[in-house]
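One structure is given here, and the rest of the page talks about it.
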Amino acid sequence: MTDPVLVVAGAVLAGHRMLVAQRDYPEEVAGLWELPGGKVETGESPAEALVRELCEELDVVVSVGAALHDAVRPKPGLTLIAMRAEIVSGTPRALEHRAVRWVDSAELAALVEAGRMVPNDLGWAQEMVAELRTK
Ligand code: CDP
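Each residue of the sequence shown is one higher than the one before, starting from 82 at the first, in the working numbering.
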């Protein structure tokens, strides 16, 4: 049996906006927007993994805050969690994505409505639509 995989994604926040990144692969999700992140490696905490992944993917250093409410289990052996983060240094660049953009509550809601978020991230997107509206 293969080891269970934990993926951590970042709800990167600045004021009333959150960062979303447009996937470039695989084909099923290419062009859709996600919370950037990746697999937690052996020996890493989720927060450490998120710092590493966002450095690799976006060329930024982040500080990691509280987890979002939902864990997502798309299939047996795969769990996705998301954590709030803030940029400490750098300006996000799409090193592994097609593009990155900052969205406010209404813009994030529009991505959800249009079916342009990756399916696994829909619960997080809804949570952040509500949270960003209060900022
Ligand atoms: O960069 P790494 O290969 O570690 O991870 P990834 O390919 O970006 O993501 C690992 C898995 O988590 C893939 O199956 C992604 O589709 C999924 N994922 C997701 O569903 N939503 C995210 N926000 C990030 C990753």
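Glycine included, every Cβ here is placed at the ideal spot set by N, Cα and C.
*Would you mind sorting proline 173 into buried or exposed? The rule is 16 or more other CB atoms within 10 Å of its CB.*
buried
*In the structure shown, what three-state DSSP assignment does serine 126 receive?*
coil
*How should arginine 165 be labelled, buried or exposed, when 16 other C-beta atoms within 10 angstroms of its C-beta is the threshold for buried?*
buried
_Integer-rounded CB distance, given that arginine 104 should sit under 8 Å from leucine 213_ = Actually they are not in contact, since the Cβ atoms of leucine 213 and arginine 104 sit about 21 Å apart, beyond 8 Å.
_Let me check you understand the geometry: is the CB of valine 199 closer than 7 Å to at least one non-hydrogen atom of the ligand CDP?_
yes
*Do the segment 83-93 and the segment 125-142 meet, that is, are 3 or more Cβ pairs less than 8 Å apart?*
yes
_Assigned exposure category for leucine 149 - 16 Cβ within 10 Å defines buried_ = buried
*State the Cα-Cα distance for the pair aspartate 202 and alanine 175, rounded to the nearest angstrom.*
19 Å
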